[in-house]
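K.L.:
Have a look at the structure that comes next, please.
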Amino acid sequence: MGKHGTELQLFVDDYIIDKLTGDAKQILQKPVPKEVALTTSAPWEGNTCAYYTIFRDGNLFRMYFRGSHYDHKTKKPGHREVTCYAESKDGIKWTKPNLGLFAFNGSKENNIVWDGIGTHCFVAFKDTNPDCPVEARYKGIAAAYAPEHKMGLYVFQSSDGIRWKQIRKDPVVTQFHWAYDSQNVAFWDKNAKVYREYHRVYHLKKRAIMTSTSKDYVNWTKPKLLEYQKETPLQHLYTNAVQPYKRAPHLLIGFPPRYLPEEGSRVEPTFMAS
303 MGKHGTELQL
313 FVDDYIIDKL
323 TGDAKQILQK
333 PVPKEVALTT
343 SAPWEGNTCA
353 YYTIFRDGNL
363 FRMYFRGSHY
373 DHKTKKPGHR
383 EVTCYAESKD
393 GIKWTKPNLG
403 LFAFNGSKEN
413 NIVWDGIGTH
423 CFVAFKDTNP
433 DCPVEARYKG
443 IAAAYAPEHK
453 MGLYVFQSSD
463 GIRWKQIRKD
473 PVVTQFHWAY
483 DSQNVAFWDK
493 NAKVYREYHR
503 VYHLKKRAIM
513 TSTSKDYVNW
523 TKPKLLEYQK
533 ETPLQHLYTN
543 AVQPYKRAPH
553 LLIGFPPRYL
563 PEEGSRVEPT
573 FMAS
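Numbering (this note's numbering), first residue to last: 303 to 576.
Right, dumping it as structure tokens:
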């Protein structure tokens, strides 16, 4: 890392580098498997829980994820999809508070935090916009593509990150209506002073990523496909995981998995920056 003007810069590419000398090499640390931090064995959770979203909120880590289960015998979902919640003080030991908000099999004793439209891929974040009202300090984004709902991206708000409501009844992003069916994300870009959202689409028979911006989190610009280096091959990119880098918020980073259906649906992590 180095300083360029008054902002911290990361050497993610050669954008600010005049020339390189010597034999410096990039050495990546290999992940080491450790103990299991979270299990999803509750009746409203299951073996297909997915799209985990975690962010730090003061001294607390908040986690949101889909609760779902696939019955291998019947070849059908075991129950309806819900959005679940967990929290941690250190990011390692997690608890699932009994929220008492939504009933599952006749009981509200569970950690279900949302049970409305968009539970397949509900993603929450804390809004860092300094002009954000208290009642909308936490925001969410989710997709609906079932026949009974209008297809597109829906937006949500909450004062405490637990009790949620839709901001608009209808979706706020509706172009490319055959997409959105994975972990779409949104956040406040304090450098550009706009909200950004990134969502999944199909482009030329490949999974791709589009983005749009908004001043108020309700009215969004027409989505645009992400652009890469000219030599980048057309490939499947699944969830995008785009976010500002905390110590250099002018830099956006993403970790979209490359999906390889021709190799047994194998996925591998990638890195991108803008």
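Think of the CB as a built atom: it goes at the ideal place given N, C-alpha and C, for glycine as much as any other residue.
By the 10 Å Cβ neighbour count, where 16 or more other Cβ atoms means buried, how is residue 533 classified, buried or exposed?
P.N.:
Exposed.
K.L.:
Would you kindly work out how many angstroms separate the C-alpha atoms of residue 557 and residue 540, rounded to a whole number?
P.N.:
10 Å
K.L.:
Taking its Cβ as the centre, do 16 or more other Cβ atoms sit within 10 Å of residue 347, making it buried, or is it exposed?
P.N.:
Of the other Cβ atoms in all chains shown, 16 or more fall within 10 Å of the Cβ of residue 347; this residue is therefore buried.
K.L.:
Along the chain, where does the beta strand (DSSP E) containing residue 355 start, and where does it finish?
P.N.:
First-last of the beta strand (DSSP E) with residue 355: 352 to 359.
K.L.:
Would the region 430 to 439 count as touching the region 399 to 406 if we require 3 or more Cβ pairs under 8 Å?
P.N.:
Because the criterion of three Cβ pairs below 8 Å is not met, the region 430 to 439 and the region 399 to 406 do not touch.
K.L.:
CB residue 312 to CB residue 550, shorter than 8 Å?
P.N.:
yes
K.L.:
Applying the 10 Å Cβ sphere with the 16-neighbour rule, what's the burial state of residue 567?
P.N.:
Counting Cβ neighbours within 10 Å, residue 567 comes out exposed, since fewer than 16 surround it.
K.L.:
Between the alpha carbons of residue 366 and residue 355, how many angstroms are there, rounded?
P.N.:
5 Å
K.L.:
Closest to residue 491 by C-alpha separation, out of 574, 342, 553, would be which residue?
P.N.:
It is 553.
K.L.:
Could you pull out every unbroken beta strand (DSSP E) segment of at least 3 residues lying fully inside the region 380 to 436, listed in chain order?
P.N.:
384 to 390, 414 to 416, 425 to 428
K.L.:
Alpha carbon to alpha carbon, how far is residue 384 from residue 378? Give it in angstroms, no decimals.
P.N.:
Using only the alpha carbons, I get a separation of about 16 Å.
K.L.:
Measuring CA to CA, which of 542, 489, 440, 546 is closest to residue 517?
P.N.:
489
K.L.:
Look at the Cβ atom of residue 421, then the Cβ atom of residue 470, and state whether they are nearer than 8 Å.
P.N.:
no
K.L.:
If we ignore side chains and look at the alpha-carbon of each, how far apart do residue 371 and residue 349 end up?
P.N.:
5 Å
K.L.:
Quick one: what does DSSP say residue 335 is sitting in, helix, strand or coil?
P.N.:
coil
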